[in-house]
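Chains A and B, in that order, are what the protein sequence lines are.
Okay, so the first sequence: first residue is 1 according to the numbering used here, each after it adds one.
Okay, so the second sequence: first residue is 1001 according to the numbering used here, each after it adds one.
Just so it is clear, CB atoms sit at the ideal spot from N, CA and C, and this is done for glycine as well.
Worksheet for the structure shown next.
Protein chains: 2
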Amino acid sequence: MLKRRDFLKVAGIGGAAALTTLSSGKVSHALVKWRMVTSWPPKFPILQEGAELFAKRVEEMSAGRMKIDVFAGGTLIPPLGGFDAISAGTVEMGSSASYYWPGKVPAAQFFTTVPYGFTFDEITAWLNGGGGLELWNEIYAPFNLVAIPMLNTGVQMGGWFRKEIKSVEDLKGLKMCVPGLGGKVMAKAGVSVVLLPGGERVPALEKGVVDAAEWVGPAHDLRLGFPKVAKYYYYPGWHEPGSQCELMINKKKWEELPKDLQAVIRAAAYEINNWSYAQFEMENAKALNEIRKQFPDVKFTRFPTDVLKVFRKLTNDVLAEEAAADKTGAFKKVYEAYLKFRKDMELWGDISARAYFKAEELR
Amino acid sequence: MLKRRDFLKVAGIGGAAALTTLSSGKVSHALVKWRMVTSWPPKFPILQEGAELFAKRVEEMSAGRMKIDVFAGGTLIPPLGGFDAISAGTVEMGSSASYYWPGKVPAAQFFTTVPYGFTFDEITAWLNGGGGLELWNEIYAPFNLVAIPMLNTGVQMGGWFRKEIKSVEDLKGLKMCVPGLGGKVMAKAGVSVVLLPGGERVPALEKGVVDAAEWVGPAHDLRLGFPKVAKYYYYPGWHEPGSQCELMINKKKWEELPKDLQAVIRAAAYEINNWSYAQFEMENAKALNEIRKQFPDVKFTRFPTDVLKVFRKLTNDVLAEEAAADKTGAFKKVYEAYLKFRKDMELWGDISARAYFKAEELR
């Protein structure tokens, strides 16, 4: 059926030119060249690495028919410029986290993480089976954006403290770097929230400008030098139990993309998502063992039960206030879907993973 | 660079013919047509569905350059004939579980699940970051097989019992359908293990031929009618805490495959792996709620603490015996790697996911 073949134009860019012809005539196209901006610093472990690995996979899987140039945060546009740039179509895609856009789409925070929210396995179930991804894309559509889950950090840590927290009283007036909804919850508990970029937190702790700061988890925290300037490493990361990052794509460009490349992008994102979670787990475990060895004076300390209970209660207050504040109704809609999913899964969760973990602890 | 293009032969099979040409000359090939056999019954929820969805994704992602015909268990070869057929190259690939081959590669059981083994998130970390997948492929290589993780069931259930188990004493002489290492552990606890195919377990329970039987989880168990014939539904599934199924490929055919199609297969498997876990979670949760509603006389019962402790101890005995019995040394090697990973992850696991789950339970 030679006459049914479409020979489309060859886009010769940077010396790489590809021509694909298919007798079906349904999928045939020239080289597609896209740009991806990320919110991660250059060479940032796992997250920036993962974005670059994703681009490599897409090129491999498409047999060179698609090439994505990756720009770390600040190298093409500012780290948090992705939402606007991708929405406008200035760049085609980005690797970021939906909770970086609370001023634009407050409801999108649920798709990264909220305090006392989902872990890696729970958000995987919600997004891929429980309607979460459909809802995310419904919320993003008015912004001309498409979201695909990519890069998950697993459970984060509660942060570094210069002094021990024995009760909720000890939080009052404490100066701490903790952004987002976790910060709002801690502010309600009396913490004086200070916002500083990641790189400025260790010096601020060292100089006593702040009393506490959270960052990511052992791997990233060790690298920045936190164990040298604070001695109480608090857990669990109740405020970020499994942050799901996003692959964000301009919706119009996505819809124009041939179906095969859409499928390639989607699958590559899932591969990298699994890879990133595995890397975080491994690297965090290694770094934690390293901190224990190198910094024997660092104490791994659990937040007191009363403090965790207060955080839990205040989380519900903060989420209710956010829902009331979002006049579009989107926050309320996603919050209700999130609560319904949690309720639907409750009995199963109790007798499956949670019951198993408890059984595993018996000796 | 037209003269560098390779025009390879077009394999016109079933009316679908594709020709891909690339100026790089590195990746160019004709239509690849493979067959996949599975261990799952036709239309088996999630697992057979997932294998078929995988084939669909590969066809989409390759823009029709690769087509995989999927044969459910028993439709081309017997459900457990995959290992030999793929090893010999009679068929190119299969969807199965490595613990179905204890007589051929006892060590491979670790890559599906062992009693008191890894959950979905833990095996994801082990395989993709902790060296598990490399070890799996090392163990499979002498059999001319390549493994890629695909399809994960999540935590299973402990099984259906016609009478309550109050202590280890109640297990003595109990006739139960429970295969694999879980069965060996229960046999050591005094259970009389009976091996029956999935479809024969409900009738056997109904007739009192057996006193207990395990199958998968609420979704599959409800479908087969277990709640009608047994009233105690035991948890947790200590014997299968997160069964990781496999995509098994003939090694020689895999190595002959163009790199782009290798990458496509790998990524599609990861996408389907996430999808399957999400489906299991959702469908199990739904079915459990349904069982509670439709069968109010069914009791969801936790194994007594003493019984779980005995299972744990006997699991260690069984694994040690299996290691001693495998004269190739492979079981011991994988067991040691599994224990090392568990030990390396222990501190991190305790203060991350496990600590978070406990914090979440506080009210």
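For chain A, the residues of the region 1227-1247 of chain B that bring a beta carbon within less than 8 Å of one of its beta carbons are Y1235, P1236, G1237, W1238, P1241, in chain order. Where I68/A is concerned, there is no enclosing alpha helix (DSSP H), although the beta strand (DSSP E) around it starts and stops at 66-71. Close partners of T1124/B in chain A (Cβ separation under 7 Å): N274, Y277, A278.
With fewer than 16 other Cβ atoms from the protein chains shown falling within 10 Å of its own Cβ, D306/A counts as exposed. Burial check for N316/A: the Cβ neighbour count within 10 Å stays below 16, so the residue is exposed. The beta-carbon of S1062/B is placed less than 8 Å from the nearest beta-carbon of chain A. Taking 8 Å as the CB threshold, L1222/B stays off the interface with chain A. Rounded to whole angstroms, the gap between the alpha carbons of G1190/B and D1170/B is 9 Å. For I1249/B, DSSP records a beta bridge to M1093/B, V1146/B. For S1096/B, the CB contacts under 7 Å within the same chain, skipping 5 residues up- and downstream, are T1038, S1039, G1082, C1245, E1246, M1248 in chain order. Sequence-distant partners of L1196/B (beyond 5 residues in either direction) whose C-beta falls short of 8 Å from its own C-beta, in its chain, are C1177, A1204, V1210, A1213. Secondary structure at L1151/B: strand, using DSSP grouped into helix, strand and coil. Just so you know, the alpha carbons of G132/A and Y338/A end up roughly 8 Å apart. Close to F1161/B, with beta-carbon spacing below 9 Å, lies no residue of chain A; the smallest spacing is near 15 Å. In this structure, P258/A is the residue among P258/A, N289/A, V318/A with its C-alpha nearest to the C-alpha of G1064/B. G89/A is classed as exposed because its beta carbon has fewer than 16 other beta carbons within 10 Å across all chains shown.
According to the DSSP assignment, K313/A belongs to no beta strand (DSSP E) but to the alpha helix (DSSP H) extending over 305-325.
Nearest neighbour of A1230/B by Cα position, chosen from K1299/B, R1223/B, L1261/B, R1363/B, turns out to be K1299/B. The C-alpha of E1060/B lies about 35 Å from the C-alpha of F331/A.
Sequence-ordered contacts of the region 340-352 of chain A with chain B read D344, M345, L347, W348, I351, S352 [C-beta pairs closer than 7 Å]. Residues of the same chain with a CB within less than 6 Å of the CB of G225/A, apart from the 5 flanking positions on each side, are V202 in chain order. K1309/B has a beta carbon lying within less than 8 Å of a beta carbon in chain A. At the C-beta level, M93/A and G1129/B stay beyond 8 Å of one another. Counting only Cβ-Cβ distances below 7 Å, M1282/B has contacts in chain A at A125, G129, G130, in chain order. Per the Cβ contact rule, the region 214-221 of chain A is not in contact with the region 102-118 of chain A (fewer than 3 Cβ pairs under 8 Å). Residue state for F1357/B is assigned as helix, using DSSP reduced to three classes.
The continuous alpha helix (DSSP H) containing Y1270/B extends over residues 1259-1294.
Around the Cβ of R363/A, a 10 Å sphere holds fewer than 16 other Cβ atoms; the residue is exposed. Secondary structure note for F1226/B: it is in no beta strand (DSSP E), and the uninterrupted alpha helix (DSSP H) holding it is 1226-1229. Listed along chain A is no residue with a C-beta nearer than 9 Å to that of E1214/B; the closest approach is about 14 Å. Look at M186/A here: in three-state DSSP terms it is helix.
For G159/A, the uninterrupted beta strand (DSSP E) segment begins and ends at 159-161.
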